[in-house]
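In the numbering used here, the protein residues as written are 3 to 336. Cβ atoms here follow ideal geometry from the backbone N, Cα and C, with glycine treated the same way. If you're wondering where the values come from, they're calculated on a predicted model, not measured in any experiment. These notes concern the structure reproduced below.
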Amino acid sequence: MKRIAVVTLILSVVLIAGGVYYALAGFRQSDSVLSPITQVVERSLDKYSIDSLTVRQGKASVIVLDEAVATTSAYTAYLFHFMSDGKKVTGLAHIPFDAADGNKKPVIVQLRGYVDRQVYESGVGTRRSAEVFAGRGFISLAPDFLGYGGSDNPANDVFEERFQTYTVTLDLLASVSSLPMADASRIGIWAHSNGGQIALTVLAITRGAYPATLWAPVTRPFPYSILYYTDEADDKGKALRKKLAEFERNYDVDLFTMVNFTDRIHAPVQLHQGTADDAVPVKWSEEFVAGLKGKDITIGYFLYPGADHNLQPSWNTVIARDIDFFTTHLVTGK
Numbered sequence: 003m004k005r006i007a008v009v010t011l012i013l014s015v016v017l018i019a020g021g022v023y024y025a026l027a028g029f030r031q032s033d034s035v036l037s038p039i040t041q042v043v044e045r046s047l048d049k050y051s052i053d054s055l056t057v058r059q060g061k062a063s064v065i066v067l068d069e070a071v072a073t074t075s076a077y078t079a080y081l082f083h084f085m086s087d088g089k090k091v092t093g094l095a096h097i098p099f100d101a102a103d104g105n106k107k108p109v110i111v112q113l114r115g116y117v118d119r120q121v122y123e124s125g126v127g128t129r130r131s132a133e134v135f136a137g138r139g140f141i142s143l144a145p146d147f148l149g150y151g152g153s154d155n156p157a158n159d160v161f162e163e164r165f166q167t168y169t170v171t172l173d174l175l176a177s178v179s180s181l182p183m184a185d186a187s188r189i190g191i192w193a194h195s196n197g198g199q200i201a202l203t204v205l206a207i208t209r210g211a212y213p214a215t216l217w218a219p220v221t222r223p224f225p226y227s228i229l230y231y232t233d234e235a236d237d238k239g240k241a242l243r244k245k246l247a248e249f250e251r252n253y254d255v256d257l258f259t260m261v262n263f264t265d266r267i268h269a270p271v272q273l274h275q276g277t278a279d280d281a282v283p284v285k286w287s288e289e290f291v292a293g294l295k296g297k298d299i300t301i302g303y304f305l306y307p308g309a310d311h312n313l314q315p316s317w318n319t320v321i322a323r324d325i326d327f328f329t330t331h332l333v334t335g336k
């Protein structure tokens, strides 16, 4: 009897222990199904979506004219700087000789296209047109952007660096009133190539009436607007595409492209395109202009047979049309 009792006791203990084990195992399994471990992804770039930047708008700082680098009978060219999100941004300013506190001049913010850092210096891509504008009584302000000229370095993330061109431009526009000789109520935008994409994005963000003239602008949606040019990179764009795949896993790219927000653009726009442009296909500009029909935007479209990405050999005609455009919208007030 004692042997039977001992065996029964042992079996009871084994059964109880097994039940507890399987109960715990079932709990763990059930718990893992009901509460899976999730990876928390930091979405630090949400602040650069079009809607987020619309809330942010520009943050004004003080534009400081540094050393004079050129002087003519019509204007003085200065290096300048201002602050954007705590970073120093430099640029080149052309100030008409008769601009003063009592004779405030209209301002043209000039946004250049892509330039390799190795060859860049302040004014590359904007200097020639700035000289013409200043000679006709307009102040020109051309930012270098972060990482160029004497500016501070941009963010390490390739896409954040791109988006910082928007915040830099927004902050420059907001800072124009700090220049005693500038009339902040009369600001226009001139832009070339990728600068055109920046300009259109800023127009959508601000919904502002900044008259804008665009030379061969990049008007394709992000990220195709940069993927198109990846064959120019040493690695044929492999690293950028890898970063883009990561970006698209975490973000909705449609929220970051101005093409989806053109209904917010209310400024008069003038667009110049050459038929021999090997960087921006004519088709892009034609489709962009066609897509604006029926929207609250006035756009003039000029096509130049045989002209390249820099609008040569039609440059003189193009700049003359820009002078007329800015005179109409910033001087005579029509």
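Original post:
How close, in whole Å, do the beta carbons of A2 and I141 come, if the pair is a contact with beta carbons under 8 Å?
Top reply: Outside the shown range of the chain, which is 3 to 336, sits residue 2, and nothing can be said about it.
Subject >> Exposure of G28, with buried meaning 16 or more beta-carbon neighbours within 10 Å >> reply: On the sequence shown, position 26 is the one that residue 28 refers to. With a pLDDT of only 47 at G28, under the threshold of 50, the placement of this residue in the model should not be trusted; the figure read from the coordinates follows. Exposed, since its Cβ has fewer than 16 Cβ neighbours within 10 Å.
Original post:
When we look at the beta-carbon of A309 and count the other beta-carbons within 10 Å, is it buried (16 or more) or exposed?
Top reply: If you number the sequence shown from 1, residue 309 lands on position 307. So A309 counts as buried.
Subject >> C-beta atoms of R119 and T128 nearer than 8 Å >> reply: As a first step, residue 119 is located in the sequence shown; it is residue number 117 there, counting from the start. As a first step, residue 128 is located in the sequence shown; it is residue number 126 there, counting from the start. For R119 and T128, no; Cβs fall outside 8 Å.
Original post:
At which residues does the alpha helix (DSSP H) containing K297 begin and terminate?
Top reply: Here residue 297 refers to the residue found at position 295 when the sequence shown is read from its first residue. Note, K297: premise wrong, no alpha helix (DSSP H); not H, not E.
Original post:
Does the beta-carbon distance from I207 to T56 come in below 8 Å?
Top reply: Along the sequence shown, one-based indexing puts residue 207 at 205. Along the sequence shown, one-based indexing puts residue 56 at 54. Taking 8 Å as the Cβ cut-off, I207 and T56 qualify as a contacting pair.
**OP:** Determine the direct distance from the alpha carbon of D103 to that of A278, and round the result to whole angstroms.
**Re:** Counted from its first residue, the sequence shown places residue 278 at position 276. Counted from its first residue, the sequence shown places residue 103 at position 101. So the two alpha carbons sit approximately 44 Å from each other.
Subject >> For L202 and G60, believed in contact at Cβ under 8 Å, the rounded distance >> reply: Residue 60 sits at position 58 when you count from the first residue of the sequence shown. Residue 202 sits at position 200 when you count from the first residue of the sequence shown. With a Cβ gap of about 16 Å, G60 and L202 do not count as contacting.
Original post:
Between the Cα of D233 and the Cα atoms of A281, F165 and W217, which residue gives the shortest distance?
Top reply: Numbered from its first residue, the sequence shown carries residue 233 at position 231. Among A281, F165 and W217, the Cα nearest to that of D233 is on A281.
**OP:** Might you give, ordered along the chain, the residues of its own chain that have their beta carbon closer than 6 Å to the beta carbon of V320, omitting 5 neighbours on each side?
**Re:** Counting from one through the sequence shown, the residue named residue 320 turns up at place 318. For V320, where only same-chain residues beyond five positions count, the Cβ hits under 6 Å are H274 and L313.
**OP:** Please state if the CB of Y231 and the CB of I200 are separated by a distance shorter than 8 Å.
**Re:** For the purposes of this step, residue 200 is taken as the residue at position 198 of the sequence shown. For the purposes of this step, residue 231 is taken as the residue at position 229 of the sequence shown. No, the pair does not count as a contact, with Cβ atoms beyond the cut-off.
**OP:** Evaluate contact between the region 282–290 and the region 217–231, counting only Cβ atoms and requiring at least three cross-stretch pairs below 8 Å.
**Re:** yes
Original post:
Tell me which same chain residues have a C-beta within less than 6 Å of the C-beta of G302, skipping the five on either side of it?
Top reply: Position 300 of the sequence shown, counted from the start, is the residue given in the question as residue 302. So the list reads Q272, once near-sequence residues are dropped.
**OP:** Would you kindly report the start and end of the unbroken alpha helix (DSSP H) that includes R323?
**Re:** The residue you call residue 323 lines up with position 321 of the sequence shown. Counting along the chain, the alpha helix (DSSP H) containing R323 begins and ends at W317 to F328.
Original post:
When DSSP labels each residue in this structure, what does F84 get in the three-state scheme?
Top reply: Here residue 84 is taken as the residue at index 82 of the sequence shown, counted from 1. Three-state result, F84: strand.
Subject >> Coil, strand or helix - N196 by DSSP >> reply: Along the sequence shown, read from residue 1 onward, the residue named residue 196 stands at position 194. Three-state DSSP puts N196 in a helix.
Original post:
Is it right to say A196 is buried, meaning 16 or more other beta carbons lie within 10 angstroms of its own, or is it exposed?
Top reply: Within the sequence shown, the letter at position 194 stands for residue 196. Checking the displayed sequence, the identity of residue 196 turns out to be Asn instead of Ala. Buried, because 16 or more other Cβ atoms sit within 10 Å of the Cβ of N196.
Original post:
Using the C-alpha atoms, what's the distance from P98 back to D254?
Top reply: If you number the sequence shown from 1, residue 254 lands on position 252. If you number the sequence shown from 1, residue 98 lands on position 96. Their backbone Cα atoms lie some 45 Å apart in a straight line.
Original post:
What are the start and end residues of the alpha helix (DSSP H) that includes F161?
Top reply: Indexing the sequence shown from 1 puts residue 161 at position 159. Here the alpha helix (DSSP H) through F161 covers V160 to S177.
Original post:
Just to confirm, are L143 and Q112 a CB contact at a threshold of 8 Å?
Top reply: In the sequence shown, the residue the question calls residue 143 occupies position 141. In the sequence shown, the residue the question calls residue 112 occupies position 110. Going by C-beta atoms, L143 is nearer than 8 Å to Q112.
Original post:
Closest to L305 by CA distance: which of E288, A292, K89 and K295 is it?
Top reply: Residue numbering aside, residue 305 sits at position 303 when the sequence shown is read from its first letter. When each option's Cα is compared against that of L305, the closest is E288.
Original post:
Looking at T171 and P223, is the spacing between their C-beta atoms short of 8 Å?
Top reply: Working through the sequence shown from its first residue, we reach residue 223 at position 221. Working through the sequence shown from its first residue, we reach residue 171 at position 169. No, the Cβ-Cβ distance between P223 and T171 is not below 8 Å.
**OP:** Note down the Cα distance separating D48 from E162, rounded to an integer number of angstroms.
**Re:** One-based indexing of the sequence shown puts residue 48 at position 46. One-based indexing of the sequence shown puts residue 162 at position 160. Rounded to whole angstroms, D48 to E162 spans 10 Å at the Cα level.
Subject >> Inside the region 88–140 only - beta strand (DSSP E) runs reaching at least 3 residues >> reply: 89–98 and 107–113
**OP:** Would you kindly check if the distance between the Cβ of I65 and the Cβ of S153 is under 8 Å?
**Re:** As a position in the sequence shown, residue 153 is number 151, starting the count at 1. As a position in the sequence shown, residue 65 is number 63, starting the count at 1. Not a contact, by the Cβ cut-off of 8 Å.
Subject >> CB contact check: R119 to chain C, cutoff 8 Å >> reply: In the structure shown, chain C does not exist; there is a single protein chain.
Original post:
In chain order, what residues of the same chain have a beta carbon less than 6 Å from the beta carbon of S63, not counting five sequence neighbours either side?
Top reply: Mapped onto the sequence shown, residue 63 falls at position 61. Counting only Cβ-Cβ distances below 6 Å, and skipping sequence neighbours, we find F84, M85 and S177.
Original post:
Exposed or buried, what is G151 when buried is set at 16 or more other beta-carbons lying within 10 Å of its beta-carbon?
Top reply: Against the sequence shown, residue 151 aligns to sequence position 149. Classification for G151: buried.
Original post:
Out of T329, A132, H268 and D53, which has the shortest C-alpha to C-alpha gap to H194?
Top reply: Along the sequence shown, read from residue 1 onward, the residue named residue 194 stands at position 192. The candidate whose alpha carbon is nearest that of H194 is A132.
Original post:
Could you give the residue range of the alpha helix (DSSP H) that holds V64?
Top reply: Start at 1 with the first residue of the sequence shown, and residue 64 comes out as number 62. Run containing V64: none; DSSP gives neither H nor E here.
Original post:
Among residues of its own chain, excluding the 5 on either side of D265, which ones have a beta-carbon nearer than 6 Å to its beta-carbon?
Top reply: As a working note, residue 265 is residue 263 in the sequence shown. Excluding sequence neighbours, D265 sits near K297.
Original post:
Going by beta carbon distance, what residues of the same chain come within less than 6 Å of D173, once the five residues before and after it are set aside?
Top reply: Here residue 173 corresponds to residue number 171 of the sequence shown, with the count starting at 1. G60, K61 and S86.
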